[in-house]
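Here the protein sequences line up with chains A and B, keeping their order.
Going by the numbering used here, the letters in the first sequence line up with residues 1 to 337, in that order.
Going by the numbering used here, the letters in the second sequence line up with residues 338 to 674, in that order.
Backbone N, C-alpha and C fix where the C-beta goes; we use that ideal spot for every residue, glycine too.
Worksheet: one structure, shown below.
2 protein chains.
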Amino acid sequence: MDKNEEKQREEEREQVVSPWEVSSSGKIDYDKLIDKFGCQRLDQSLVDRVQRLTGRPPHVFLRRGVFFAHRDLNDILDAYEKGEKFYLYTGRGPSSEALHLGHLVPFMFTKYLQDAFKVPLVIQLTDDEKCMWKNLSVEESQRLARENAKDIIACGFDVTKTFIFSDFDYVGGAFYKNMVKVAKCVTYNKVVGIFGFTGEDHIGKVSFPPVQAVPSFPSSFPHLFSGKDHLRCLIPCAIDQDPYFRMTRDVAPRIGYHKPALIESSFFPALQGETGKMSASDPNSAIYVTDSAKAIKNKINKYAFSGGQESVELHRKLGANLEVLEVLFLQIFTLFI
Amino acid sequence: MDKNEEKQREEEREQVVSPWEVSSSGKIDYDKLIDKFGCQRLDQSLVDRVQRLTGRPPHVFLRRGVFFAHRDLNDILDAYEKGEKFYLYTGRGPSSEALHLGHLVPFMFTKYLQDAFKVPLVIQLTDDEKCMWKNLSVEESQRLARENAKDIIACGFDVTKTFIFSDFDYVGGAFYKNMVKVAKCVTYNKVVGIFGFTGEDHIGKVSFPPVQAVPSFPSSFPHLFSGKDHLRCLIPCAIDQDPYFRMTRDVAPRIGYHKPALIESSFFPALQGETGKMSASDPNSAIYVTDSAKAIKNKINKYAFSGGQESVELHRKLGANLEVLEVLFLQIFTLFI
Chain A
1 MDKNEEKQRE EEREQVVSPW EVSSSGKIDY DKLIDKFGCQ RLDQSLVDRV QRLTGRPPHV
61 FLRRGVFFAH RDLNDILDAY EKGEKFYLYT GRGPSSEALH LGHLVPFMFT KYLQDAFKVP
121 LVIQLTDDEK CMWKNLSVEE SQRLARENAK DIIACGFDVT KTFIFSDFDY VGGAFYKNMV
181 KVAKCVTYNK VVGIFGFTGE DHIGKVSFPP VQAVPSFPSS FPHLFSGKDH LRCLIPCAID
241 QDPYFRMTRD VAPRIGYHKP ALIESSFFPA LQGETGKMSA SDPNSAIYVT DSAKAIKNKI
301 NKYAFSGGQE SVELHRKLGA NLEVLEVLFL QIFTLFI
Chain B
338 MDKNEEKQRE EEREQVVSPW EVSSSGKIDY DKLIDKFGCQ RLDQSLVDRV QRLTGRPPHV
398 FLRRGVFFAH RDLNDILDAY EKGEKFYLYT GRGPSSEALH LGHLVPFMFT KYLQDAFKVP
458 LVIQLTDDEK CMWKNLSVEE SQRLARENAK DIIACGFDVT KTFIFSDFDY VGGAFYKNMV
518 KVAKCVTYNK VVGIFGFTGE DHIGKVSFPP VQAVPSFPSS FPHLFSGKDH LRCLIPCAID
578 QDPYFRMTRD VAPRIGYHKP ALIESSFFPA LQGETGKMSA SDPNSAIYVT DSAKAIKNKI
638 NKYAFSGGQE SVELHRKLGA NLEVLEVLFL QIFTLFI
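Right, dumping it as C-alpha cells:
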C-alpha cells in the first residue's frame, strides 16, 4: 500500500463527533475520541469502586462499557468517600416529539446514579438551543420540551430530589449571572476552536455555550443549593457533549467553582449501522418510546442492520454477528422492558 | 494644498463614534454622523409638530437642537395623531457611582416626553453590559445599577407609568425568548460589521446586542403590555447608541414587531473640550450629580475649556466664545437648577 492509498484509507476512517453531528465512514473509534478529547478511559477498577462505594451491583451500562470514558470521576468519588455529597446534571435538547432509545441511555443511567448515591439531580431542557439550531419557533420548542419532560419523568426519578427545567422558563436571575461570568472568560476565537462556528453562524449559537455550562455550578440553582457554592457536580452524558464541558471545566476555577466531573457514554447507533448515532432528525434511524410494537417491528425489518452476513451462503457458514452494537443495545434494553 | 495635505487634514478630522468610544481630533461633525448612520435630521417642522400634538412648548433640548436626529419619528407621531399610543424606552449602563450631567440629558428629555405624550416608560439598567465591558464583578455592577436608579428616579418620572429594571434581575422568561428570537436573525459577521468585535473579544460582548434590542418589543414586558404586541416604541438616546437600534430595526419586522423609532441627541462634551464626550471613565471630564458646589467650581476652574481666547490680548480683543457647546449646556442646565 503506497502513501497515497494510506492517506485515502485514513480519510475514509475519518469521524466527525460534535454536539450537532456524529458520523463516520467506518465504525466509530472511541479510543481515538478519548485521545482527541483528552478524557480518561473508565476502567474496571473504577466500576469496582462504584460498586464498593454504593453497595450496589454496577449498572448494566457500566458492566457492558456503554459508559466508557470520564473526567475526574475518581476525584468526585474520593470526596464522596469522605462524606461529601455531589449533585447530578444531565439534559436533553428537545428536537422531537418523543424520546428514542438513544435518548434514554443517559436518563436510565442517571436514575441509577441517583438511586445508588442518593443525590439531587437537575435536568436541563435546552429548548432555546433547539429553537436556534433546528429553526423551530419558540412556542414549538417549548411544546417539545414539555412532551419530552413527560418521557423523562417516566424514567422514575426521585421526585423529592429532581428539578427539571426549560431554559426558556428558567434562564434569568442567578442562572443569567453565571452565564455572564462564564461568557466573560471565553473569547470568540475559543468557541470557534471548540465548536467550529463560522462568521455566517448567528450569534445565538455563539451565545449558547454558557447556557449549557452553568448548570454545572450549584449557585445557578439558589432554591436548591443556597449556601452550597462548593457542591461538586457529576454530569452523565454522551461523549458528543464533551466540548461544552471542556469549556466549562476550563472556566470553572476562574470564577470560583469546582470543575464538574463527567461520565460519558458511547452513542446509541442508528438502526442502519454503526457509523452514525440514532437520531431524532432521521425517524427511520430511531425507535421512539411512542412507537407501537408493529411500528418497531417494521422499522427493524426494513431498516435495521441485523448482524446478518452479506449473503445467505455466508450467513449459513458464519452465522449472525452478535457483537454488532445494535444487537447488544437491543439485548440490554430488553432487560428493562 | 496638495492631495497629501488634504488627506492628512481628512485624517485629523476623523471621528470615532461607537457605543464604547466617542473621540475626534476636531469638533464632532454631526452632519457626517447622520450621513454615516443613515438617520434623519430633526428639523424645525418636526419640533413644531411635537408642539402642536402635545399642546406644550417644545423642550429646551428640542429648541436648542440637543436632540438633532431621529428615525421614523414622523411615523410614530402619525400613529399618535390617530389615537394610537406608544411607549418610551431609554437606559443606562451603570459604570459609575453617580450620574454626571451628560447622563442626565436623555432622562430629563424622556421625562418631558412622558409628561407631554402621557405614555409609559421602561428604563433598562444594563448592569450585565458594564460587568462585561468594564470588568466589574456581578455584585459591583448591580450595586452601581441601584445607585444610578436613585439618581434616575430623582428626575421625577410618573411612578404609575415607569418601570426601571436591571438586566441581572429581569432577563429571563418573555425577555429571554425575545433575545433568542433576535439572536437567530443576526450573524456573527453582522455584529462584527456593526460593532467591530474581534476574535479576541469575549462571547459576552457578542451575546449582548440582543439584550439591548428587546426592550424595543412590548412582549418583553408581559406584566406591562400583555396583549399589546403592536404597541410602538420610541427610544430617546444619545446618537452613539444608534448601532444597537440599527440592528434592532433590521430584525424587528422579521419577528413580527414594529421597528422602534428613535430620537437622538448630540454628546454632552467633556469639560476639556468638544472632541470627546463627558465620560464616567474620566472623572475630570465630568460633573457628577453628587459633586459638591466646591468640587464643581474646582473642576471648572482647573479643567474646563471655557470659551476663552488663546491669550489675554486676544480675549480682550475678541471676548469669550459663547457658542462653545459646554457653555451652552451649562446655560441650559442652569434652567433646571
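In this structure, the CA atom of L383(B) is about 13 Å from the CA atom of P394(B).
T110(A) is not bridged by DSSP to any residue. Among the CB atoms of chain A, none fall inside 8 Å of the CB of V387(B). With a contact defined as Cβ atoms closer than 8 Å, I540(B) and V119(A) miss out at about 31 Å. The alpha carbon of L101(A) has as its nearest neighbour, out of F117(A), E313(A), L314(A) and A238(A), the alpha carbon of A238(A). In the structure shown, Y87(A) falls within a strand segment according to DSSP collapsed to helix, strand and coil. Under DSSP, the beta-bridge partners assigned to H407(B) are Q377(B) and I600(B). When rounded, the separation of the alpha-carbon atoms in S622(B) and S616(B) is 6 Å. Just measuring C-alpha positions, the residue of V180(A), L271(A), S311(A) and P210(A) sitting nearest W470(B) is V180(A). Straight-line spacing of the CA atoms in D229(A) and S433(B) works out to 29 Å. Contact between T463(B) and G510(B) does not hold, since their C-beta atoms are separated by about 18 Å, which reaches or exceeds 8 Å.
Within 9 Å of the CB of I152(A), no CB atom of chain B is found; the nearest one sits about 22 Å away. Between E140(A) and chain B, the shortest Cβ-Cβ separation is not below 8 Å. DSSP, read as helix, strand or coil, puts K614(B) in strand.
Nearest Cα to E466(B) within the set P546(B), Q352(B), E351(B) and A657(B): P546(B). With fewer than three CB-CB distances shorter than 8 Å, the region 160 to 167 of chain A does not count as touching the region 491 to 509 of chain B. In the DSSP secondary-structure assignment, G509(B) is bridged to G172(A). Against chain A, a Cβ distance below 8 Å from G536(B) picks out T187, Y188, N189 and V192.
Contact annotation, F512(B) with S557(B): C-beta distance approximately 5 Å; criterion of less than 8 Å satisfied. Note on the region 555 to 599 of chain B: whole alpha helix (DSSP H) runs with a minimum of 4 residues are 559 to 562 and 579 to 588, in chain order.
The alpha-carbon separation between R386(B) and G402(B) amounts to approximately 15 Å. At least one CB of chain A lies nearer than 8 Å to the CB of A520(B). Residue pairing by DSSP puts F165(A) in a beta bridge opposite Q124(A).
At a C-beta separation below 7 Å, G204(A) has these neighbours in chain B: V517, A520 and K521. When only Cα atoms are considered, F554(B) and L481(B) end up about 26 Å apart. For M469(B), at least one C-beta of chain A is nearer than 8 Å to its own C-beta. For the pair S362(B) and F604(B), the Cα-to-Cα distance works out to about 15 Å.
Assignment of S24(A) by DSSP, reduced to helix, strand and coil, places it in the strand class. Sixteen is the threshold: when 16 or more other Cβ atoms of the shown chains lie within 10 Å of the Cβ of Q352(B), as they do, the residue is buried. Take I531(B), set aside five residues on each side of it, and the residues of its chain with a beta-carbon closer than 8 Å to its own are P546, P580, R583 and M584, in chain order.
Note on L390(B): under 16 other CB atoms within 10 angstroms of its CB, so exposed under the neighbour-count rule. Interface criterion not met: the Cβ of K27(A) is under 8 Å from no Cβ in chain B.
The beta-carbon of D465(B) is placed less than 8 Å from the nearest beta-carbon of chain A. Taking 8 Å as the threshold, the shortest C-beta distance from F505(B) to chain A falls below it. Between the C-alpha atoms of D368(B) and N178(A) there is a straight-line separation of about 42 Å.
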